[in-house]
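First the structure, in the form of structure tokens, and then the observations on it.
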Amino acid sequence: MKNLLKIGFTAVLLFVSACLYAGENDFSFKAEGVNKKSVVFFVNEAQIMEVSIYGAGNEVLYKKKINAKAGSTKTYDLNSFPDGNYRFKVVAQSRTAEYNVLIEDGDVQVSEPSITEAFNPAVTIEDGLVMLNLKNAPKGSIEVQVLNKYNEELYKKVYDDDSKCIKRFKIAGVGASALTFVIRTEDAEFEKTVQLN
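Here the sequence shown stands for residues -22 to -1, 1 to 175, where the numbers follow mature numbering (1 follows the signal peptide of the UniProt record, and there is no 0).
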């Protein structure tokens, strides 16, 4: 009887609540109905997600990494939160979704998500060339530095917005067994090591 009641309660929540989906259904986000101050995550596929809640002053109120299973849910109770504006940030793989959440008179209102793709430069070897893909780079300049296994600098250049594409590096005659590419953007730094032999 308890299981039937739980299933019935879950079904009612699913039908009554409005659901917002982020991106291509990589993860979804759901706010429960009227007079309930809670937020529910529905995860369509297994992935590691980082969930953060920020206050109006951009202070971190909650932050946790979740190893979510496909078809799972996670509920966040907002009853201890006073009325005001909050921001939920969900990072999953290379995607970030941000939702503005307004708590007012016991009601929760959730905005449409703002979705951004994270920049993750790809480094590949093909026909004696190391190729660095900067096509999806964020706006602003990007610094590319190439180091040998002794961390000696072999190459360094700053690229502007107009020159973001695939960069090719000829590796013949370098005499190194591995090269480390350090790519710096305004907000992040990536390090990729390529084994040559």
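A virtual CB, placed ideally from N, CA and C, is assigned to each residue, including glycine.
Look at D85 here: in three-state DSSP terms it is strand. For T171, the enclosing beta strand (DSSP E) begins and ends at E167 to Q173. DSSP, reduced to helix, strand and coil, places D55 within a strand of the structure shown. By the Cβ neighbour-count rule, K113 is exposed, with fewer than 16 other Cβ atoms within 10 Å of its own. Under the 8 Å Cβ criterion, the segment 142 to 152 does not count as touching the segment 86 to 98, having fewer than three qualifying pairs.
I44 and G84 have their C-alpha atoms some 27 Å from each other.
Taking N63 as the centre and dropping the five residues before and after it, the same chain places the C-beta of A34, N78 and L80 closer than 7 Å to its C-beta, in chain order. Between V160 and L132, the C-beta gap is not smaller than 8 Å, which leaves the two residues out of contact.
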